[in-house]
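Visitor:
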Amino acid sequence: MTSISPQLRLCCLSGLFALVVWGQSAAALDESLAAEAVTRAGELERTHSLLVAVDGEIVLEESYRGPGTAQPANVKSLSKTVLAALVGAAIEQGLVAGDEQPIAELIGTRMPENTEPGVSDITVGHLLAMQSGLERTSGANYGRWVASDDWVTAALTRPFVDAPGGRMLYSTGNSHILSAALTWASGRTTRELAQDWLGNPLNIVIPEWPRDPQGIYFGGNDMNLSPRALLQIGELYRHDGVLNGERVLPEGWVENSWTPRGRSPFNNNQYGYGWFITELDGEPAYYGWGFGGQMLYVIPSVAMTIVITSDPTPPGSGSAYLRHLDALVAETLIPAARRARQ
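Those letters in the sequence shown? Residues 2 to 343, by this note's numbering.
(1) Val-55: buried (16+ other C-beta within 10 angstroms of its C-beta) or exposed?
(2) From Pro-336 to Leu-232, what distance separates their C-alpha atoms?
(3) Once the 5 residues before and after Arg-212 are set aside, which same chain residues still bring their CB inside 7 Å of it?
(4) Taking three-plus beta-carbon pairs below 8 Å as touching, is the region 256-273 in contact with the region 187-196?
(5) The alpha helix (DSSP H) spanning Pro-228 covers which residue range?
(6) So, for Trp-210: in the same chain, excluding its five sequence neighbours on each side, which residues have a beta-carbon less than 7 Å away from its beta-carbon?
(7) Let me confirm a value: Ser-33 is counted as buried when at least 16 other C-beta atoms fall within 10 Å, else exposed. Which label applies?
(8) Which residues in the same chain have their Cβ closer than 7 Å to the Cβ of Asp-241, if we skip the five residues on either side of it in sequence?
(9) Along the alpha helix (DSSP H) that carries Leu-83, what are the first and last residues, could you check?
(10) How should Ser-311 be labelled, buried or exposed, when 16 other C-beta atoms within 10 angstroms of its C-beta is the threshold for buried?
(11) Span of the alpha helix (DSSP H) holding Val-125?
(12) Between which two residues does the beta strand (DSSP E) carrying Val-255 extend?
(13) Quick check on DSSP: helix, strand or coil for Leu-323?
(14) Specify whether the region 166-174 and the region 135-144 touch according to this definition: at least 3 beta carbon pairs, one from each stretch, less than 8 Å apart.
(15) Going by C-alpha to C-alpha distance, which of Glu-63, Leu-52, Arg-145 sits closest to Ala-230?
(16) Please determine, among Leu-129, Gly-109, Met-112, the residue with the shortest C-alpha to C-alpha distance to Glu-101.
(17) Could you give the distance in angstroms between the alpha-carbon of Lys-81 and the alpha-carbon of Glu-37?
(18) What are the complete alpha helix (DSSP H) segments, minimum 4 residues, inside the region 175-225?
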């Protein structure tokens, strides 16, 4: 492969200027395929940024429109992946006993009185895997849920539509219950815990994000994180919960998180603890997904972590746009890393 001598190169894509970072790690990506990835991402009108690391080194960094790679952006439901990491950190810190701990033990006396008996069977793992069995708060129910005066009570008192541990029922209320449980069990806000247990060891800033009427930070939506911060979270998982020599997540947590627990009815991919599980270009791939195309991919077999941010309020089908992003990763970025290693 012909080497690229400048470390910084400006490219004009569809009338927009984007900055490509080509450092000493440029050889980690095949040049022609990397250039194709840059062009294809820019041609998708929703794309805000593209950030790629191989072996922990940033090899591609693009800003097309919207916030840049160092600026916080609303990552929508990709927040669920971050919250799952925080739950893992809470286990490592001893606040949570494990994924099999009943959520009622963490909530304690704050448990609403009018919950159904089966709520006592819901575990931390059930909530992470979207298997609480409670009626969803997402989809058609989302607006009424966030308009309620007590989001936690509204989520916990929904009727059961399946048994705990049953089929995947994607519901932001599950993640918000976890945010409340962490707050009440620790006496500290979810943001304080996230900054101490994730932000500080990863050397990232976790800014303020919305809270519910009781002051609980929104669990599973509307976090504001930069693509570079998200990259560090992906790298933490790629390194089995250890980063910069410090164990942040319990041993085995990544394996548990990437173990299929159910299957999404929206894209037919499997789901673990805050991560979707699929295969791209023949490689096992794990990703967090936020509405509008906020993506964090980890492909361990090629030592690759990818962050894509996009317009968070797009028209049309989010699933169709996700297919475009999956194709971008499968057809250009993974082959670019594989070809560079040959």
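We treat Cβ as the ideally placed atom computed from N, Cα and C, and that holds for glycine.
Guide: So, from the listed chains and residues:
(1) Buried, since its Cβ has 16 or more Cβ neighbours within 10 Å.
(2) Roughly 20 Å between the two C-alpha positions.
(3) Taken in chain order, the residues that qualify are Tyr-218, Phe-219.
(4) Touching, no, given that fewer than three Cβ pairs across the two stretches are closer than 8 Å.
(5) Where Pro-228 is concerned, the enclosing alpha helix (DSSP H) stretches over 228-239.
(6) For Trp-210, where only same-chain residues beyond five positions count, the Cβ hits under 7 Å are Tyr-218, Phe-219, Asp-223, Met-224, Asn-225.
(7) An exposed status is given to Ser-33, since fewer than 16 other beta-carbon atoms sit within 10 Å of its beta-carbon.
(8) Correct list, in chain order: Val-255.
(9) Before going on, a small fix: residue 83 reads as Val here, not Leu. For Val-83, the enclosing alpha helix (DSSP H) stretches over residues 80-93.
(10) In summary, Ser-311 is buried, with 16 or more beta-carbon neighbours lying within 10 Å of its beta-carbon over all protein chains present.
(11) Segment 125-129, the alpha helix (DSSP H) holding Val-125.
(12) Bounds of any beta strand (DSSP E) do not take in Val-255; it lies within the alpha helix (DSSP H) bounded by 254-258.
(13) Assignment of Leu-323 by DSSP, reduced to helix, strand and coil, places it in the helix class.
(14) A contact exists between the region 166-174 and the region 135-144.
(15) Of the candidates Glu-63, Leu-52, Arg-145, Leu-52 places its Cα closest to the Cα of Ala-230.
(16) For the residues Leu-129, Gly-109, Met-112, the minimum Cα distance to Glu-101 belongs to Leu-129.
(17) If you take the alpha carbons of Lys-81 and Glu-37, they lie about 31 Å apart.
(18) List check, alpha helix (DSSP H) in window: 191-195.
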